[in-house]
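Chains as they are written, first to last, in the working numbering: chain A, 1 to 358; chain B, 359 to 716.
Given below as structure tokens:
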């Protein structure tokens, strides 16, 4: 296999490799497993922008001191159904795992649990922690604030995070409903992609440095800003900032450094986690039947031209998960080279599959 | 004063009139007051589409049997921090008031409260019940499902409600942050408004009966559909349907009749209410300071051309409230005639102000 070739790898092998890598970087066993769940889970579901591609920067955060490899996550205050945690600058998915795990156990006792986490780091996908509730047959929600990469409504410079939210709901036969999105119309990555390919971007994605509408993707790095998903998206970003920032006692807005540029600085953002125990409201089997009934009714809607089916949030990700578990994950030569380099640097074996087109 | 003149009325006088009207229509004293809070409150905040203009249809629902004038709202199941209520076909704001009141009292005991309500009716604005949490210094959220007036993503006919959500957060010096919006790009009322004025509507509001994009507002009543706020808005509408419909055991999607067309039919929709007790996380004075700090930082953002300031969600409504309390509410001749007609029919006195331009 040529070192510059693309790579195919079984999901469980990539998971084992990722966990071992974080352990080699000084993290305790269980934290390595959480990081592998978060990153490999994102790739498996098709959210590759938040997947294994982030490994080098995350390891840099541990090495450069931005994140704490030995976090002691503590409970600052607690009530029957709530808690406030200090993540002690753990990598974000670890703090999010603690937050949602506690929300779920509060929900078992009280019907609902709501946990806020401060002094945290970039959590990756919100789906990762929201979906932890599924293991206990609960509905989960995660909401976080972050680096200000979006213009507030009416403003012309980035001043608020796009503050993503994630929901996970146990489904019926069709699998769970999982919704995970940020409050900007689009992600900065898609703008950079268009710039590389010399394509104009649609109306409403970006404004230039003077605050005017633009279709030129090159205007974003020249002092432009990402637009919110209308005033409604801006409003949701503010509520996310209230919960994950103001209420949690975490850093807010411009106080938050960029997690992968400033690898030696504490991110210090926050997140909140809600778990709802379905059994307090309805028999879980009835709930599953009703989820199927809802999905079926939506899927019967006559289609717009060019659309082949109505999907529920998370349905495509569930299909991708099954396919990736069957065939393994595929990475391009650049990412493959990064992974092989990390394997060598840390002395961790990585079992690649026979590369299908090497 | 000519009977066809517009009308100006003090907020407290309209409130007293509205409450008395519902009492005259057979509702107990406290339910009349709740209906007046919901309707007059919407007008006072500037959400006049959900205000007193709805009085005739709401009274029709009571008279025609769609809504129950003597509801016995019962608790079906309950845990420390959760409850499921049956609204007994009460008018929506009454069920929503019960749901949020109980969520707040659960939150006092447990830190957070989450209450689902089934067998309900159109609740009007979500802000009405969400804002009840403010009286106890808490954060409130209300989310409801309703008549399917929006196309699911990729579909060409209305098949899901635009399932509005409302958040209310105690603010600092700037007043509360209140966000209340539906998951469609725009409301049907704005499309009808454009049709009346012969104006084209913007891209992305509506599709025609064949599922194609259109700028002709007349296409909506001819079998067209309202579009969701992107796939993200559709995703949120699905989560709203899950919580308010599937979980609450309420009617879902196409099972829900239109509340003001089918005044003799039970609406039977549902809603959920979340209350978060700030004191379990942070000192309320610190919370208020941090809310001000957040608002100030957002307001410092350089502005886009033509924008005179950055506002927080609910800020304009707070200003309108102060103005309306000072000067009274103004209604056009058509609404004024409706109100005067109701005053006569039910024999309830209504104290109008000296009409400023009568």
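From the three backbone atoms N, C-alpha and C, an ideal C-beta is built for every residue, glycine too.
Is there contact here, the stretch 582–594 of chain B with the stretch 265–283 of chain A, by at least three beta-carbon pairs under 8 angstroms? With a cut-off of 8 angstroms, the stretch 265–283 of chain A and the stretch 582–594 of chain B do not count as touching, because too few Cβ pairs lie within range.
Using a Cβ-Cβ cutoff of less than 8 angstroms, which residues in the same chain neighbour residue 25 of chain A once the five nearest sequence positions on both sides are dropped? Excluding sequence neighbours, residue 25 of chain A sits near 59, 62, 63, 69 and 346.
Residues near residue 218 of chain A in its chain [Cβ-Cβ closer than 6 angstroms; skip 5 each side]: Contacts found: 195.
Going along the chain, which residues of its own chain have a beta-carbon closer than 6 angstroms to the beta-carbon of residue 125 of chain A, five neighbours each way excluded? Here residue 125 of chain A has 42, 47, 50 and 180 as same chain residues with Cβ atoms under 6 angstroms from its own Cβ, once five neighbours each way along the sequence are excluded.
What does the alpha-carbon distance come out to for the pair residue 161 of chain A and residue 430 of chain B? For residue 161 of chain A and residue 430 of chain B, the distance between alpha carbons rounds to 45 angstroms.
For the beta strand (DSSP E) containing residue 8 of chain A, name the first residue and the last one. Residue 8 of chain A -> beta strand (DSSP E) spans 7–9.
Under the rule that 16 or more other beta-carbon atoms within 10 Å means buried, what is residue 123 of chain A, buried or exposed? That one is buried.
Is there a C-beta anywhere in chain B that falls below 7 angstroms from the one on residue 208 of chain A? No, no contact with chain B.
In terms of alpha-carbon separation, which member of A:187, A:324 and A:35 lies closest to residue 21 of chain A? Nearest option by C-alpha distance: A:35.
Let's test the definition: count the other Cβ atoms within 10 Å of the Cβ of residue 309 of chain A and tell me whether it reaches 16, buried, or not, exposed. That one is exposed.
Relative to the alpha-carbon of residue 712 of chain B, which residue among B:685, B:699, B:600 and B:469 has its alpha-carbon at the smallest distance? Of the candidates B:685, B:699, B:600 and B:469, the one whose C-alpha sits nearest the C-alpha of residue 712 of chain B is B:685.
Taking the alpha helix (DSSP H) that residue 87 of chain A belongs to, which residues open and close that run? Unbroken run through residue 87 of chain A: none, as it is neither H nor E.
By Cβ distance, which residues of its chain are closer than 8 angstroms to residue 303 of chain A, with the 5 residues on each side in sequence left out? Listed in chain order, the non-local C-beta contacts of residue 303 of chain A below 8 angstroms within the same chain comprise 309 and 310, local neighbours out to five positions each way being set aside.
Alpha carbon to alpha carbon, how far is residue 301 of chain A from residue 333 of chain A? Give it in angstroms, no decimals. Taken atom to atom, the span from the alpha-carbon of residue 333 of chain A to that of residue 301 of chain A is near 42 angstroms.
Quick check: what's the CA-CA separation for residue 461 of chain B versus residue 469 of chain B? Cα to Cα, the separation comes out at about 10 angstroms.
Closer than 9 angstroms, Cβ to Cβ, to anything on chain B: give me those residues from the stretch 102–131 of chain A, in chain order. Cβ contacts with chain B come from 106, 107, 109, 110, 111, 112, 113, 114 and 116.
The beta strand (DSSP E) with residue 276 of chain A in it runs from where to where? 271–277 is the span of the beta strand (DSSP E), which, as asked, contains residue 276 of chain A.
So with Cβ pairs under 7 angstroms, would you call residue 313 of chain A a contact of chain B? Cβ-Cβ to chain B under 7 angstroms: yes for residue 313 of chain A.
Distance between residue 13 of chain A and residue 79 of chain A (C-alpha atoms, nearest Å): C-alpha separation (whole angstroms): 41 angstroms.
Check whether the Cβ atoms of residue 545 of chain B and residue 488 of chain B sit closer than 7 angstroms, and answer yes or no. Contact: no.
Assigned secondary structure, residue 320 of chain A (DSSP; H/G/I helix, E/B strand, else coil): Assignment of residue 320 of chain A by DSSP, reduced to helix, strand and coil, places it in the helix class.
Between the C-alpha atoms of residue 265 of chain A and residue 255 of chain A, what's the straight-line distance to the nearest angstrom? Going from the Cα of residue 265 of chain A to the Cα of residue 255 of chain A covers about 11 angstroms.
If you check the beta carbons only, do residue 120 of chain A and residue 140 of chain A fall under 7 angstroms apart? Not in contact: residue 120 of chain A and residue 140 of chain A (Cβ atoms no closer than 7 angstroms).
Give a yes or no on whether the minimum CB-CB distance between residue 596 of chain B and chain A is below 7 angstroms. Under the Cβ criterion of 7 angstroms, residue 596 of chain B is counted among the residues facing chain A.
Find out if the Cβ-Cβ distance for the pair residue 508 of chain B, residue 391 of chain B is shorter than 7 angstroms. Result no, Cβ atoms of residue 508 of chain B and residue 391 of chain B do not sit closer than 7 angstroms.
Roughly how many angstroms separate the alpha carbons of residue 262 of chain A and residue 157 of chain A, rounded to a whole number? Rounded to the nearest angstrom, the gap between the Cα atoms of residue 262 of chain A and residue 157 of chain A is 20 angstroms.
Compare the C-alpha of residue 132 of chain A against each of A:323, A:239 and A:101 and name the closest. Nearest Cα to residue 132 of chain A within the set A:323, A:239 and A:101: A:101.
Could you tell me how far apart the beta carbons of residue 535 of chain B and residue 238 of chain A are, in whole angstroms, since I believe they sit closer than 8 angstroms? Correct: roughly 6 angstroms between the Cβ atoms.
Apart from the five residues just before and just after residue 201 of chain A, which ones in its own chain have a Cβ nearer than 7 angstroms to its Cβ? So the qualifying residues of the chain are 191, 194, 215 and 217.
Exposure label - residue 683 of chain B; buried when at least 16 CB within 10 Å: Answer is exposed; the Cβ neighbour count stays below 16.
Who does residue 571 of chain B pair with in a DSSP beta bridge? Residue pairing by DSSP places residue 571 of chain B opposite B:565 in a beta bridge.
DSSP state of residue 358 of chain A, grouped into three classes? The predicted model places residue 358 of chain A with a pLDDT of 44, which falls under 50 and marks its position as unreliable; any figure quoted below should be read in that light. Residue 358 of chain A: coil per DSSP, three-state reduction.
I want to see whether chain A comes within less than 7 angstroms of residue 609 of chain B, judged by CB atoms only; does it? By this cut-off, residue 609 of chain B is not an interface position.
Using a Cβ-Cβ cut-off of 7 angstroms, state whether residue 593 of chain B counts as contacting chain A. At least one chain A Cβ lies under 7 angstroms of residue 593 of chain B.
I'd like to know whether the C-beta of residue 369 of chain B is nearer than 7 angstroms to at least one C-beta of chain A. Interface flag for residue 369 of chain B against chain A is unset, since no Cβ pair is found closer than 7 angstroms.
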